[in-house]
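Asks: Below is a structure I'd like to ask you about.
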């Protein structure tokens, strides 16, 4: 019985939150990787683009709420996401037309494009803060828990409860649907295949008659969809604050590089690698060992490998180690 | 002379703007802008050495700035004797263990061939070492943090004059840069950018949470000053006389004796804070000029020519027998050390160390905007960039407010749009920086004062 309790404990505090957090990171990491693989630059505006998309989700959610439209047990934000995506994609295409296109046609070095993306970062950040303000926003409504800790205890008669938030389930399901559609798109459709060809060898792709304009536009559209959804899911699960979104850029980059930058599948798994290692290394295992070990061997301390303050540091250390030993990432950064 | 005309023009316009602020707002504001401009200029010189001379992207400026600030604390604060006796020995022993661990790893890496076993042994040593060090240092850290947590709760520093920390800050930052450089300089340019950005976040995390060393988010306040204190100045005779002499015109108009004394006191209080700021300005100007001379000399020396050759074509420089890796490491360390000086200067000026205030936007990306706008590869450009961008960063709010009032003049004062815009005035500075960066990158990619290399 104690053993089951220990497993439930780990599920509740490590597995479920890490899975949800990992999914959010994974979507962001695929966004980074797509931009890197096809447009060939490190996009430092990632976090702010995500907050820009989330801002529209929030605005639409408020609008729908004021009209009295809701999805019942589901959060209204799910209804708002498609509308937000339209605006987000529009924004991405406008930015590309007025900013990035010039450098792409000039074939500037990737470093210069990264620098330009910092300019975009500043502008996007300003726009988000001017429109919605820098403060914390919660826009979640509907049923909060799928299983409550107390109900679970009653149901199973265990000491440990398992609480599953509905946002966590929504995050995981949406991620699975989105990522499988994306991989289907990249591997089976003609446009997806030409995108991969373009990322693999630009000159050869152009020779075989692939239209670069179409490729770039599709990339920005997919990027807009990914950015909006991952931002909205993170905001639903935690809360929306422009500054946290800017900071989220760091673990997302770590995930993309750990998985081998330019490789969407690697980025997808990289998100989970980062999330799980962050939570595994900073969790206090005291209670777990109390269940597993006999009473005489009960630990005194918290049995915490690292204090939670170093959450970010964990992912970066993993990144540094990976960069040192396998600069191309765990999954061999083959281009797209 | 003619060649330098645009440099002189740009600098005179900049100084004119600061003087205008002095006349229209107040000399206090003008001087504090000027001082921070000088500090920003030192930071941009550091970044410019790395980016402009060698083409290395360092997005870890925030980390080096914070290390410089840490140096200021560790040098100037008086040692806390109780804390040392409570946990000092544990900390020293842990430090010794860390050194031993590093040496052991080095020994193994040097004397054994690369194999799976070697990797496992190194990993085992590191993991075991971390566990042992944690075990030993934990009680010491707890004891130190329990010594008067409201006032001290950390080891304190050496109790030396804070000026020394400017040099020590450079060494701290340079040392970290050496380690990072050894690890990360082999990476591609954009990987290096991401890696340094993340490493600087780690540095901040450590400074924030290792309370026994830095007091963490509890901040260290009341650091020693290299300049006199305002309160002391207000009671010194020669200073009061000086103020009286300066303001004799205004004072002579007032006939009433008590009123005259009151006005004089007002002038003395104002004057004292201006005087202190002027002292700082003097120190900072000296640093900027020394660094400028050194960097200009370096730029036109054979070494500078070699750096440019490496930047423009690494393979060719390598083929000519130049050691690219070594030079990259050297320049990475030098540039970071300069940023460390700036970090120590910043803390010296503020008189307090607040680890929570180090944010990448302000200390990394803003500095990069300065470098790009000013003109990469040109030291005068880098300094000018520091001045222009910092000036705009501070004055963006008034300018933004003016523009909002101008564009929404037709609206009612209580109109929701106008109220909302006026509330969000502080964020217009981000917009200004972003648009400025994008425009400069597009239409003048080499900055306001572009790099000009003449063979002398």
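Residue numbers (the numbering used here), protein chains in the order written: chain E, 1 to 336; chain P, 1001 to 1456.
Each residue gets a CB set at the ideal place from its N, CA and C atoms; glycine is no exception.
On the three-pair Cβ rule with 8 Å, is the region 1417 to 1426 of chain P touching the region 1073 to 1089 of chain P?
Replies: no
Asks: At 9 Å on the CB atoms, spell out the chain E contacts of residue 1096/P, in chain order.
Replies: Simply none; closest approach about 22 Å.
Asks: State the start and end residues of the unbroken beta strand (DSSP E) segment that holds residue 146/E.
Replies: 145 to 147
Asks: List the whole-angstrom C-beta distance separating residue 1345/P from residue 1166/P, where the pair is believed to meet the contact cut-off of C-beta under 8 Å.
Replies: 6 Å
Asks: Tell me, please, whether the CB atom of residue 1011/P is closer than 7 Å to any CB atom in chain E?
Replies: no
Asks: For the region 1355 to 1413 of chain P, list the alpha helix (DSSP H) runs that are entirely contained and at least 4 residues long, ordered along the chain.
Replies: 1366 to 1374 and 1379 to 1407
Asks: Return the residue from the list 1257/P, 1182/P, 1044/P and 1404/P that minimises the CA-CA distance to residue 1418/P.
Replies: Measuring from the Cα of residue 1418/P, the nearest candidate turns out to be 1404/P.
Asks: Just to confirm, is the Cβ distance from residue 82/E to residue 141/E under 7 Å?
Replies: No Cβ-Cβ contact shorter than 7 Å links residue 82/E with residue 141/E.
Asks: Name the one or two DSSP bridge partners that residue 240/E has.
Replies: 137/E
Asks: Once DSSP output is grouped into helix, strand and coil, what is the label at residue 324/E?
Replies: helix
Asks: Going by C-alpha to C-alpha distance, which of 1206/P, 1142/P and 1049/P sits closest to residue 1303/P?
Replies: When each option's Cα is compared against that of residue 1303/P, the closest is 1049/P.
Asks: Taking a cut of 8 Å between CB atoms, which residues from the region 1196 to 1213 of chain P lie near chain E?
Replies: Cβ contacts with chain E: 1197, 1198, 1199, 1201, 1202, 1205, 1206, 1208 and 1209.
Asks: What does residue 1115/P reach in chain E if we use C-beta pairs closer than 9 Å?
Replies: Near residue 1115/P there are no residues of chain E at all, since even the closest Cβ is about 14 Å away, more than 9 Å.
Asks: I think residue 1287/P touches residue 1228/P, with their Cβ atoms under 8 Å apart; what is that distance to the nearest whole Å?
Replies: Contact doesn't hold; Cβ gap of about 19 Å is too wide.
Asks: Among all the DSSP beta bridges, which residues are the ones paired with residue 164/E?
Replies: Looking at the DSSP output, residue 164/E shares a beta bridge with 147/E.
Asks: Determine contact between the region 1246 to 1260 of chain P and the region 1013 to 1030 of chain P, defined as no fewer than three beta-carbon pairs at a distance below 8 Å.
Replies: Look at the beta carbons and you see the region 1246 to 1260 of chain P not touching the region 1013 to 1030 of chain P: under three pairs across the two are nearer than 8 Å.
Asks: Just list the beta strand (DSSP E) runs in the region 253 to 295 of chain E, keeping only unbroken ones of 3 residues or longer that don't cross its boundaries, in chain order.
Replies: none
Asks: Excluding five sequence neighbours on each side, which residues of the same chain lie with their C-beta closer than 8 Å to the C-beta of residue 1109/P?
Replies: 1118 and 1122
Asks: Quick one, which of 271/E, 97/E and 124/E has its alpha-carbon nearest residue 179/E's?
Replies: When each option's Cα is compared against that of residue 179/E, the closest is 271/E.
Asks: Hey, how far is the Cα of residue 1155/P from the Cα of residue 1065/P?
Replies: A direct Cα-Cα distance of roughly 21 Å separates residue 1155/P from residue 1065/P.
Asks: What residue from 181/E, 8/E and 72/E has the CA that sits closest to residue 164/E's CA?
Replies: 8/E
Asks: Note down the Cα distance separating residue 177/E from residue 71/E, rounded to an integer number of angstroms.
Replies: Computed Cα separation, rounded: 20 Å.
Asks: Residue 23/E and residue 171/E: beta carbons closer than 7 Å?
Replies: yes
Asks: From 1349/P, 1434/P and 1343/P, pick the residue whose C-alpha is nearest to that of residue 1061/P; which is it?
Replies: 1343/P
Asks: Identify the continuous alpha helix (DSSP H) that holds residue 129/E and give its terminal residues.
Replies: According to the DSSP assignment, residue 129/E belongs to the alpha helix (DSSP H) that extends over 110 to 132.
Asks: Taking residue 1338/P and residue 1292/P to be in contact with their CB atoms under 8 Å, please state how far apart those CB atoms are, rounded to whole angstroms.
Replies: Actually they do not touch by this definition, with Cβ atoms about 11 Å apart.
Asks: Select from the region 86 to 110 of chain E all residues with a C-beta closer than 7 Å to any C-beta belonging to chain P, and list them in chain order.
Replies: Under the 7 Å Cβ criterion, the region 86 to 110 of chain E contributes 99, 102 and 110.
Asks: Can you give me the C-alpha to C-alpha distance between residue 1033/P and residue 1394/P, rounded to a whole angstrom?
Replies: 8 Å
Asks: Considering only their Cβ atoms, is the gap separating residue 1355/P from residue 1162/P smaller than 7 Å?
Replies: no
Asks: Just checking: is the beta-carbon of residue 1189/P within a distance shorter than 7 Å of some beta-carbon in chain E?
Replies: yes
Asks: Cα separation between residue 262/E and residue 222/E?
Replies: 15 Å
Asks: For residue 11/E, does the three-state DSSP call read helix, strand or coil?
Replies: helix
Asks: Does residue 337/E have its Cβ less than 7 Å from a Cβ in chain P?
Replies: Shown here, chain E extends from 1 to 336; a query on residue 337/E therefore has no answer.
Asks: Are the region 188 to 203 of chain E and the region 97 to 106 of chain E touching by the rule of at least three beta carbon pairs closer than 8 Å?
Replies: Using a C-beta cut-off of 8 Å, the region 188 to 203 of chain E makes no contact with the region 97 to 106 of chain E, since fewer than three inter-stretch Cβ pairs fall below that distance.
Asks: In angstroms, rounded to a whole number, what distance separates the CA positions of residue 1093/P and residue 1386/P?
Replies: 43 Å
Asks: Taking 8 Å as the cut-off, does the region 1309 to 1325 of chain P touch the region 1140 to 1159 of chain P (at least 3 CB pairs, one atom from each stretch)?
Replies: no
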